[in-house]
Amino acid sequence: MTPRSGVGVSMMENTQVQTQLEELPACTAGDPAGPLTIYFHGAPGAPSELAIFEAPARACGLKLMCWDRFALDAALTGPAYFAALAAAVRAVAGAHQVNLIGFSIGAFIAMRTSQMLGLQVGQLHLVSAAA
Numbered sequence: 003m004t005p006r007s008g009v010g011v012s013m014m015e016n017t018q019v020q021t022q023l024e025e026l027p028a029c030t031a032g033d034p035a036g037p038l039t040i041y042f043h044g045a046p047g048a049p050s051e052l053a054i055f056e057a058p059a060r061a062c063g064l065k066l067m068c069w070d071r072f073a074l075d076a077a078l079t080g081p082a083y084f085a086a087l088a089a090a091v092r093a094v095a096g097a098h099q100v101n102l103i104g105f106s107i108g109a110f111i112a113m114r115t116s117q118m119l120g121l122q123v124g125q126l127h128l129v130s131a132a133a
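Here my numbering is used: position 117 in the sequence shown is 119, and no number is missing along the way.
Structure representation (structure tokens):
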């Protein structure tokens with residue numbers, strides 16, 4: 003595919019995702035109408051990392067989304083934490099299939115969240131997965 007005109011970091015938008023627990027700050031990049039791919043950043047890391055993926059995501063027709071996981075209630079631990087992330091994914095994706103990408107320690111988060119999502123996950127990509 004060829005890149006679309008007007009592509010750039012300025013095309014990123016900050017959004018809010020309502021979960022059952024609270025609103026999570028998020029960034030999106032790429033094609034707003036494309037299939038959804040959720041990115042789980044490492045630590046340190048932030049949703050703003052999506053800026054480097056803006057042009058390639060648009061060129062491939064993908065919508066990328068990343069939440070600020072550190073904004074989740076610190077009282078959420080273990081399965082409740084991953085259930086909250088899965089609820090955030092479902093709030094955005096509905097019944098549609100999603101792809102997950104996890105970078106560094108975000109790979110662990112992506113794996114555990116994918117367990118909560120089950121067959122709703124189309125692909126799981128782990129990049130520089132931390133042990």
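We put the CB at the ideal spot given by N, CA and C, even for glycine.
Distances from the CA of Leu102 to each of Pro27, Cys29, Gly32 and Tyr41 were compared; the closest alpha carbon is that of Tyr41. When the beta-carbon positions are compared, Arg71 and Ile111 come within less than 8 angstroms of each other. In the same chain as Pro34, and ignoring 5 residues on each side of it, the C-beta atoms closer than 7 angstroms to its own belong to Lys65, in chain order. In this structure, Val94 lies near Leu38, with their beta-carbon atoms less than 8 angstroms apart. Using a Cβ distance threshold of 8 angstroms, Ala109 and Leu78 do not count as a contacting pair.
The beta-bridge partner set that DSSP reports for Met67 consists of Thr30 and Ile40. In this structure, Leu119 places its C-beta atom within 8 angstroms of the C-beta atom of Ala88. Here Gly104 carries a strand assignment [DSSP, helix/strand/coil].
Annotated three-state conformation of Gln125 is strand, per DSSP. If you ignore the 5 residues before and after Ala85, its C-beta comes within less than 7 angstroms of the C-beta of Met118, all in its own chain and listed in chain order. Counting only residues of its own chain and dropping the five nearest sequence neighbours on each side, Val123 has a CB closer than 8 angstroms to the CB of Gln99, Val100, Asn101, Leu102 and Ser116.
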